[in-house]
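Per the working numbering, the sequence shown starts with residue 630, numbered consecutively. Cβ coordinates follow ideal geometry from the N, Cα and C atoms, glycine included. Below is one structure, written out as structure tokens, with a few remarks after it.
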Amino acid sequence: MLSLYVLENGITVKKRPWNDDGSMPKGVVWIDLLEPTSAEEELVEQALGLHVPTREEMEGIEFSSRFYQEDEALFMTATLLTRADTEEPENIACTFVLTKHLLLTLRYGNARAFSIYESRVLKNPGFCTSGELVLINLLETLIERMADVLEGVGRELENVSRMIFTNTHALGPEPGAPRMTRAQRRQAAAESNLQQVLRRLGRQGELVSKAQESIVSITRLLAYWMHVKTDWSEKSVREREKSVARDLRSLGEHALALSNKVSFLLDANLGLINIEQNNIIKLFSVVAVVFLPPTLIASIYGMNFLRMPELAWRLGYPMALVMMVGSAIAPYVYFKRRHWL
């Protein structure tokens, strides 16, 4: 899709289609190519006299394929986070082509920051008076959106942290704690579903990782743009570049802290899973120990020897049953007093 944003009379910005004769309208300050067709790419290339990079060229990771200059146009490619509100966040490559009069953006994915900036531009023309101004405003909008995503991750990690550390279902009741009812135990088990927590942590970890990749990529783009000097650079834009660089540095530090928190919660959750598994194994071990003495007694009196006085005794059978029950109760009581159950 090809979108043109035209500054008319220096006071209004409108979204215009391409001219019917194939020429580009006057006053264009921003051209947005979203998943363009080959015909749209050719139209833009003929109008600007530039080669629009292909999707394969945009996805290259080497510096020379992402940042370069042709004539007076700067080609800068960054990795942007998309679909952050879904179960499958994704990073896409977006190329910014900056010329003296306009900015061309080429992307194969719909980043929400572009929609936010578009609505601002149509309401306030001051956001879209030159290509450089469009680029710096777009970068600031991308950073705002990234900050919102990281804030959401922080809130989700707080919820997960409470699920892990305030619910002791996996650890078992503390000594002296009141006994929970069956309904309370069922609710606690549902709230402390450690496998569900593991999946939630995995999603947040993936989201933070993709956000970090995007932050690093935008930082490289900004560093290249600040390094390259052009005759038509605006001083006000250069000052804002420094502010954007500081914001990116702060976002990077915050994303790193969130990544460390994800790792900590993941280790804690895996530890609780191990404790839960150990509790299950402990239960089977206790059951085996409890039933071992009765099994031994039953085995002794199940031997078919000729001379066994208890077999002829009238109270032999009740005595054996009492011994079996008593030998099972004794270790059970001992384990309860030791708080092993």
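Cα separation between Glu820 and Ile772? Confidence at Glu820 is low in this model, with a pLDDT of 48, below 50, so its placement is unreliable and no value can be given for it.
Ile690: first and last residue of the uninterrupted beta strand (DSSP E) it sits in: No beta strand (DSSP E) contains Ile690, which DSSP labels as neither H nor E.
Among Ala722, Val873 and Leu679, the one whose alpha carbon lies nearest that of Arg695: Ala722
Measure the C-alpha to C-alpha separation of Glu761 and Arg828 and round it to an integer number of angstroms. 42 Å
When the Cβ atoms of the region 834-849 are set against those of the region 728-748, are three or more pairs found closer than 8 Å? no
Do you know whose CA, among Met937, Leu925, Gly931 and Met932, lies nearest Val954's CA? Leu925
Where does Lys911 fall in DSSP's three states? helix
Do you know how far the Cα of Ile902 is from the Cα of Asn889? 20 Å
Can you look up Thr859 in the DSSP assignment and give me helix, strand or coil? coil
Short Cβ contact (9 Å threshold) for Arg869 with Glu747: no
For Val763, name the three-state secondary structure that DSSP assigns. helix
So, are the CB atoms of Ile793 and Asn898 less than 9 Å apart? yes
First and last residue of the uninterrupted beta strand (DSSP E) at Ile721: Glu719 to Leu727
Cα separation between Gln825 and Asn788? 13 Å
Determine the closest residue to Ala676 out of Glu716, Ser862, Leu633 and His968, with distance taken between C-alpha atoms. Leu633
Skipping 5 residues on each side, what residues in its chain have a beta carbon closer than 8 Å to that of Trp969? Lys911 and Val915
Is the CB-CB distance between Leu850 and Thr706 below 9 Å? yes
Kindly indicate which residue of Val681, Glu685, Gly651 and Arg736 has the alpha-carbon position closest to the one of Asp661. Arg736
Local conformation of Arg741 per DSSP, three classes: helix
According to DSSP, residues forming a beta bridge with Ile660: Leu633 and Leu733
With 16 other CB atoms within 10 Å as the buried threshold, where does Thr715 fall? exposed
Straight-line CA distance for Leu727 to Glu905? 57 Å
Beta-carbon separation (whole angstroms), Val635 vs Gly656, contact threshold 8 Å: 5 Å
Exposed unless 16 or more other CB atoms sit within 10 angstroms - verdict on Pro665: buried
How is Ala799 classed by DSSP in three states: helix, strand or coil? In this prediction, Ala799 scores a pLDDT of 46, lower than 50, which makes its location untrustworthy; the coordinate-derived value is nonetheless stated afterwards. Here Ala799 sits in coil by DSSP.
Write down the C-beta distance between Pro754 and Ile640 rounded to the nearest angstrom, noting that I regard them as a contact closer than 8 Å. 6 Å
Please state whether DSSP places Arg869 in a helix, a strand or coil. helix
Closest by C-alpha distance to Ala740, when choosing among Ser790, Ala874 and Ala840: Ala840
Could you tell me how far apart the beta carbons of Thr758 and Val658 are, in whole angstroms, since I believe they sit closer than 8 Å? 7 Å
Following the continuous beta strand (DSSP E) through Leu710, name the residue where it begins and the one where it ends. Ala702 to Thr711
Rounded to a whole number of angstroms, what is the C-alpha to C-alpha distance between Val681 and Lys752? 29 Å
Let me check understanding here. Comparing Cα to Cα, which of Ile745, Ser744 and Glu780 lies closest to Gly881? Glu780
Output yes or no for whether 9 Å exceeds the beta carbon distance between Arg774 and Leu710. yes
Tyr946 versus Val919: straight-line alpha-carbon distance, rounded: 21 Å
Using only the alpha-carbon positions, how far apart do Leu767 and Glu699 sit? 22 Å
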